[in-house]
Amino acid sequence: MERISPTLLSWASVLGEGTRAQAVTTASMPFIHPHVALMPDAHLGLGATVGSVIPTRGAIIPAAVGVDIGCGMIAVRTQHSAADLPGDRRRLREAVERAVPLSAGAHNDAVTRDYTRERLAVLRREAEEIGLDPASYSRHWELQLGTLGSGNHFIEVSIDEEDRVWLFLHSGSRGVGNKIAQKHIAVARKRCEREGIDLPDRDLAWLAEGTGSFDAYIREMQWAQHYALLNREEMMDRLVTEVERWTGGPVERTEEINCHHNYTEREEHFGEDVWLSRKGAINAEAGRPSLIPGSMGTASYVVVGRGDEDSLRSAPHGAGRSFSRTRARKTFSQDDLRAAMAGIEYRDTSAFIDEIPAAYKDIDVVMADARDLVEVRHVLRQIVNVKGD
Numbered sequence: 019m020e021r022i023s024p025t026l027l028s029w030a031s032v033l034g035e036g037t038r039a040q041a042v043t044t045a046s047m048p049f050i051h052p053h054v055a056l057m058p059d060a061h062l063g064l065g066a067t068v069g070s071v072i073p074t075r076g077a078i079i080p081a082a083v084g085v086d087i088g089c090g091m092i093a094v095r096t097q098h099s100a101a102d103l104p105g106d107r108r109r110l111r112e113a114v115e116r117a118v119p120l121s122a123g124a125h126n127d128a129v130t131r132d133y134t135r136e137r138l139a140v141l142r143r144e145a146e147e148i149g150l151d152p153a154s155y156s157r158h159w160e161l162q163l164g165t166l167g168s169g170n171h172f173i174e175v176s177i178d179e180e181d182r183v184w185l186f187l188h189s190g191s192r193g194v195g196n197k198i199a200q201k202h203i204a205v206a207r208k209r210c211e212r213e214g215i216d217l218p219d220r221d222l223a224w225l226a227e228g229t230g231s232f233d234a235y236i237r238e239m240q241w242a243q244h245y246a247l248l249n250r251e252e253m254m255d256r257l258v259t260e261v262e263r264w265t266g267g268p269v270e271r272t273e274e275i276n277c278h279h280n281y282t283e284r285e286e287h288f289g290e291d292v293w294l295s296r297k298g299a300i301n302a303e304a305g306r307p308s309l310i311p312g313s314m315g316t317a318s319y320v321v322v323g324r325g326d327e328d329s330l331r332s333a334p335h336g337a338g339r340s341f342s343r344t345r346a347r348k349t350f351s352q353d354d355l356r357a358a359m360a361g362i363e364y365r366d367t368s369a370f371i372d373e374i375p376a377a378y379k380d381i382d383v384v385m386a387d388a389r390d391l392v393e394v395r396h397v398l399r400q401i402v403n404v405k406g407d
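Numbering of the sequence shown is given in our numbering, commencing with residue 19 and proceeding in unit increments.
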C-alpha cells in the first residue's frame with residue numbers, strides 16, 4: 019500500500035500518471051472521509067477513477083458510482099466436473115446466445131419465462147413505491163431484463179483447480195440504469211453551476227445530503243442496483259437451463275455468489291457513517307465471498323474478503339484496462355485474439371479485438387497487489403465464452 023496523499027491510499031503497483039492525477043483530484047474533494055482507496059486495477063474513468071473506493075460525508079458524486087449502476091458478477095458452482103461435459107462446446111455457446119439476447123433486448127420477449135415475469139413484477143412494484151417510472155428513462159426497460167450487453171460483459175463456463183464446473187457472468191442495470199445515472203449526473207452538474215461551486219472536474223459534481231435531488235438519486239440508484247442484481251439472476255437461470263439441455267441432466271447449484279462492483283451503500287468507516295461508492299471495486303469485508311473476473315481469455319477468481327480497514331474493506335473488481343478500446347484496435351489483430359483464446363470456445367469475430375487480454379492489466383499482478391485484501395478460494399479458467407458486440 020502506498021500513501022499518495024493524506025486522503026489517497028493506493029494498492030496499485032502499476033498506475034499511469036493520468037490515473038494517479040485523477041485519483042488525487044477526487045481525493046481532494048472536501049467531503050471525503052477518511053480517504054479514497056485506489057484498487058490494483060485502477061484506470062481512468064469518468065470524473066472518478068475506475069477501481070476506486072470513495073467515502074463521502076453529506077454528499078454523493080453520481081459519476082463516482084458510474085453509469086452502469088449495479089454492474090457486477092454472479093457465479094454458480096455446479097456438481098459437474100470437466101469430464102461430465104459433452105465435447106461439442108459450440109452447441110452450448112450458440113444455445114446461450116439464443117437464450118440471452120446480447121444486445122439491447124428488442125427480441126427478448128421471445129424468450130420470456132415465468133420467472134422473468136415474476137422479477138419484472140417485483141421491479142414494477144418497487145418502482146411504484148418510490149414514484150419511479152422506468153419507462154421515462156428507457157421505453158424497453160422490461161425487455162432489457164435478461165440481456166447481456168457489450169463491452170466487457172460476458173457469460174462463461176469455467177473449470178476450477180479441482181476440475182469442477184462453474185457458470186460465471188458479468189453485467190449490470192443495462193440501458194435503464196445508464197439513463198438514470200446520466201440524468202442525475204446532469205442534475206448534479208447544474209446544481210453545482212447554479213450554486214457557484216468551483217469543481218476541479220465537472221464530472222465530480224455532487225449532490226448534498228438532505229436535498230430533494232440527493233434523495234431522488236438515492237431512491238432511483240438503489241432501484242437500479244436491484245435491477246442489476248435481478249438481471250444477473252435472470253441470465254444465470256437461462257444459462258443453467260441451457261447447460262441442463264447440453265448435459266442432459268439437472269444442474270445442482272452447490273454454491274452461488276452475486277455481487278455488485280459499481281454501486282453505493284451506507285457503511286461505517288473509521289468511526290463515521292459514510293456513503294461508500296465502489297466504482298469498480300467489490301465489498302471485501304472479513305469472510306465475505308466475492309468474485310474478481312479476469313479479462314477475456316484469462317483466469318477469474320472466487321475470493322473471500324480479509325476485511326482490511328485501510329482499503330475500506332474493498333478489493334479490485336477485475337483486471338482493469340491498460341489500452342483504450344481505440345488503441346487496442348489499432349495495436350492488435352484478430353489473429354492475436356485467436357492466439358489468446360486458444361482452447362476456448364468463443365465467437366470468432368473482429369468485434370472483440372478491443373477485449374483482447376493484452377488490452378488489460380495482468381490479472382496475476384492485480385491479484386498479487388490484492389493479497390492483503392482478499393484470500394483466493396478458487397481460480398477459474400473458461401472453456402466457453404459468450405460476449406455481445
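Glycine residues also receive a C-beta, built at the ideal position from the N, C-alpha and C atoms.
Distance CB(residue i)-CB(residue j) smaller than 8 Å
| i | j | result |
| --- | --- | --- |
| T37 | L62 | yes |
| A55 | S70 | yes |
| R399 | T272 | no |
| L222 | A66 | yes |
| E290 | R75 | yes |
| S332 | M91 | no |
| V392 | A317 | no |
| V397 | D233 | no |
| H335 | D132 | no |
| L163 | E238 | no |
| L185 | L257 | yes |
| S99 | V175 | no |
| Y281 | R296 | yes |
| A226 | I198 | no |
| V292 | P73 | yes |
Contacting residues, own chain, Cβ-Cβ under 6 Å from residue i (five flanking each side not counted)
| i | result |
| --- | --- |
| R107 | E363, V402 |
| G190 | D86, G88, C89, A246 |
| H171 | H188, S189 |
| V269 | T96, V258, V261, E262 |
| L120 | L166, G406 |
| E285 | L294 |
Buried versus exposed, by CB contacts within 10 Å (16 or more), residue i
| i | result |
| --- | --- |
| A360 | exposed |
| T134 | buried |
| R356 | exposed |
| T367 | exposed |
| I148 | exposed |
| V140 | exposed |
| A358 | buried |
| T344 | exposed |
| R192 | buried |
| R339 | buried |
| S308 | buried |
| D353 | exposed |
| R143 | exposed |
| P479 | Here the chain covers residues 19 to 407 and nothing more, so residue 479 does not appear. |
Cα-Cα separation between residue i and residue j, rounded to whole angstroms
| i | j | result |
| --- | --- | --- |
| G214 | V68 | 27 Å |
| L330 | H287 | 7 Å |
| A206 | Y235 | 10 Å |
| A101 | A337 | 29 Å |
| G325 | R306 | 9 Å |
| V322 | L161 | 34 Å |
| L294 | K379 | 25 Å |
| S351 | I374 | 9 Å |
| D328 | A113 | 45 Å |
| D181 | Q97 | 11 Å |
| K208 | V261 | 49 Å |
| V118 | R389 | 35 Å |
| D387 | I203 | 32 Å |
| D382 | A346 | 20 Å |
| S31 | V384 | 8 Å |
| A304 | E283 | 17 Å |
| E211 | P218 | 12 Å |
| F370 | D407 | 7 Å |
| A377 | M47 | 31 Å |
| R220 | I78 | 14 Å |
| R111 | W29 | 37 Å |
| N249 | D255 | 10 Å |
| R137 | G195 | 16 Å |
| H244 | A145 | 11 Å |
| S231 | R109 | 49 Å |
Short CB-CB distance (under 8 Å) between residue i and chain E
| i | result |
| --- | --- |
| R143 | The question asks about chain E, but that chain is absent: this structure has only one protein chain. |
Cβ neighbours of residue i in the same chain (closer than 7 Å, five flanking residues each side left out)
| i | result |
| --- | --- |
| H53 | T25, L26, L27, A45 |
| S23 | V42, A45 |
| G315 | A358, M359, I362, P375 |
Chain-order list of residues whose beta-carbon lies under 8 Å from that of residue i (same chain, five-residue window excluded)
| i | result |
| --- | --- |
| E115 | R365, V404 |
heavy atom of the ligand ATP below 7 Å from residue i C-beta
| i | result |
| --- | --- |
| L64 | In terms of ligand content, the structure shown is empty, and the ligand ATP therefore cannot be addressed. |
**Q.** the segment 148 to 168 / the segment 272 to 285 touching (three or more Cβ pairs under 8 Å)
**A.** Counting C-beta pairs closer than 8 Å gives fewer than three between the segment 148 to 168 and the segment 272 to 285, which falls short of the contact rule.
Q. Between the segment 75 to 83 and the segment 256 to 267, do three or more beta carbon pairs fall short of 8 Å?
A. Counting Cβ pairs under 8 Å, fewer than three are found: no touch.
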